[in-house]
Structures are given as C-alpha cells and as structure tokens.
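Undergrad:
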Amino acid sequence: MTNVAFIITKSEIGGAQTWVNEIAKLIEQDCKVFLITSEYGWLTQCSVFSEVYIIPGIKKYFDVIAYIKLIKFIKKNNIKSIVASSANAGVYSRLARLTCSFKCIYVSHGWSCLYNGGRLKSIFCKIEKYLSKLTDVIWCISESDREKAIKKIGIDEGKIITATNAVPPMPARLKECLEYKILFVGRLTHPKRPCLLAQVISKKPQYKLDIVGGGEQLESLKAQFKDFKNIRFLGEIKGFSAYKDYDIFALISDSEGLPMSGIEAHTAGVPLLLSDVGGCHELIEKNGVLVENIERDIELS
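Just so you know, we're using my numbering here: the sequence shown kicks off at 18 and counts up by one.
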C-alpha cells in the first residue's frame, strides 16, 4: 500500500480543507493516507487519515525547524507522494524534494503570490516559478488559475493539469421568492470580505444577511454589526447544506480559485453574487452577477 501525505497550513473548515478531505476519501482504499498541518481543527478530526502530524512552524513562510521535522517525517514513514494544498505547504513540500525522493503535487486554490504579494509580487512569482521546477504536477482548480500560472508566473504548461472542484448536489431551491434572504458562507479571514457585504446590507433593512463561518474576524464583525437586526452571524456549521432557504448566495472576496461554497449554491439553484476574481466567472452563466469589491457596485447589483 502506497503512503500518501496531504499537507496544508490550517485545519479549520474551509474550501481547501474540504477538498483535501474529499480527495483523501477517494484514495483511502488503495493508499495509507497521512495529514500534515500546523494545528488541530476540523480537518484533523476527519476519519480518513491514518495518522495526523502537527508541525506548528509551517504557519511561517519558512522555518528551519519545521522543514527538518517535515523531512524526518517523510523519511520515517516512507512517503511516496505529497499533495500540498496551501502556499506555505507548497513551499515546504517542494523544498523537501531537495533531500527526499517522492512525487510532489501542488494544488493551487488561487495564486497567493499574485493576490497576496503586494510590492514583492514579482519576487514571489519568481520563487513560485522556481518551486514549480521541483514539482511533478501543478493542479489548478479553475481555468483562470491555469491561465495565470502560464501567463503571469511563467510555469511550464506541461506540468499543469486542470480539474475543477466538484461537490454533491445540494437540495434544490424552490422557485418562489422567499424573504430577501442573502447567504454568505466562508472563513471569516483574509482574503474573504464579509465586512464589505455586511456594510451594504446594513443600509438595506429590507434584506436579511446570514453569515456562516468561523475565523479570526468573527468576534470583531459581530461587535461591529451588533445593532443591525437584519445581519446574523451563525458561526461555523459543519456540513452546511441549507442553500435552498435563501434567495441569493453572495461571496465577496479578494481572491478565489473556484469557491466550494459557490459551487454548492450553484447546484442548489440559488442565484449568485460573486466578486470578479479567480475562477468565479466560471460559475456565472445566466444565474447571477459578478461585482467589483466596492460598496457601490454591490449595491447596484
């Protein structure tokens, strides 16, 4: 049985973590599946993994001790393949190729070197291009990510595969109008922009906004909008599937690959309001609109 390790920076519930869990389920009958992450959380509780290994240092862009721990783990457990699903995880796993022999797959859930690089974006893109040479397969989850990998980062097209996210169909939304109910599902942390959406809805009492998700911004957002009865913060809901109860699904974000929550809402037949970033446009046909991340554009939509 082949030993396969998934490495991801955080284990809190989110699109990338859900993707890891679902892919691990697909191979668990044929492989021994390991998980490497920085902390205990939703993903570490999933039963698919034979063993969970915590390396807190992988939260940092590069930590020598974390790097050494990863190499020791790979060698000790005879890991044959590693699937990396976050920017930091991608750095550690691919640099480990310098001293260990294994197949390395890097999954882009949105290129952080582009959206999070700031003034150093060009440098981070050069680093990503170098790391791609240490990678066997670069898995893009949207056509948009693939195009950026080739044209903006300069990654060899021959190393790239594109396979979009897929989810089980959600219960279908009834066609009649409900109560002007809007839903946001996502981690309340960068690059998501729930605050921007809430600011718009706070001025429109006829609309109701439910925000599903946990994260570092949850408490501050609850405090900021505590006086608005039409905005509710429901926290993290495991296995959320009640998209059909809403009139609109809204995801405002600075960056996306192909958002899992957007796909789930799409399968439920809920109209979409999405930021025009990453692969979001691939979900829009005649079922919604794309917006810029400014209040006026969201209001007009």
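The C-beta atom is built at its ideal place from N, Cα and C for all residues, glycine as well.
Alpha carbon to alpha carbon, how far is I53 from E193?
TA: The straight-line gap from Cα to Cα measures roughly 46 Å.
Undergrad: Following the continuous alpha helix (DSSP H) through L115, name the residue where it begins and the one where it ends.
TA: Counting along the chain, L115 falls outside any alpha helix (DSSP H), and DSSP gives it neither H nor E.
Undergrad: Would DSSP call K198 helix, strand or coil?
TA: K198: strand per DSSP, three-state reduction.
Undergrad: Figure out for me which residue from E56, K49, M18 and C48 has the closest Cα to the Cα of Q34.
TA: E56
Undergrad: Once you ignore the five residues that flank K146 on each side, which residues in its own chain have a CB closer than 7 Å to its CB?
TA: I170, G171 and I172
Undergrad: Label A180 either buried or exposed according to how many other C-beta atoms from any shown protein chain fall within 10 Å of its C-beta, with 16 as the threshold for buried.
TA: exposed
Undergrad: For my contact list, S278 and G32 are in at a C-beta cut-off of 8 Å; report their separation, rounded to the angstrom.
TA: 7 Å between Cβ atoms; contact.
Undergrad: If I follow the unbroken alpha helix (DSSP H) through Y57, where does it start and stop?
TA: In the DSSP assignment, Y57 falls outside any alpha helix (DSSP H), carrying neither H nor E.
Undergrad: How many angstroms separate the CA atom of L87 from the CA atom of D47?
TA: 23 Å
Undergrad: Would you give the residue range spanned by the beta strand (DSSP E) that R313 belongs to?
TA: Note, R313: premise wrong, no beta strand (DSSP E); alpha helix (DSSP H) at E312 to L317.
Undergrad: Taking the beta carbon of M187 as the centre, do at least 16 other beta carbons fall within 10 Å, making it buried, or is it exposed?
TA: buried
Undergrad: List the residues that DSSP assigns as beta-bridge partners of C48.
TA: T19
Undergrad: On the three-pair Cβ rule with 8 Å, is the segment 159-170 touching the segment 290-298?
TA: yes
Undergrad: Please report the straight-line C-alpha distance between C142 and V108, rounded to a whole angstrom.
TA: 12 Å
Undergrad: Counting only runs of 3+ residues fully inside the segment 194-277, write out the beta strand (DSSP E) ranges in chain order.
TA: 198-202, 225-229, 248-252 and 265-268
Undergrad: Report all residues from its chain with a CB closer than 6 Å to the CB of T61; omit the five preceding and five following residues, and keep chain order.
TA: S28 and V69
Undergrad: Helix, strand or coil, according to DSSP, for G31 in the structure here?
TA: coil
Undergrad: Output needed for D153: all residues of its chain with C-beta closer than 6 Å, excluding positions within five of it in sequence on either side, in chain order.
TA: K120 and C121
Undergrad: Please return the same chain residues whose Cβ sits closer than 7 Å to the Cβ of I72, not counting the five positions on each side in sequence.
TA: I53, S55, A83, K86 and L87
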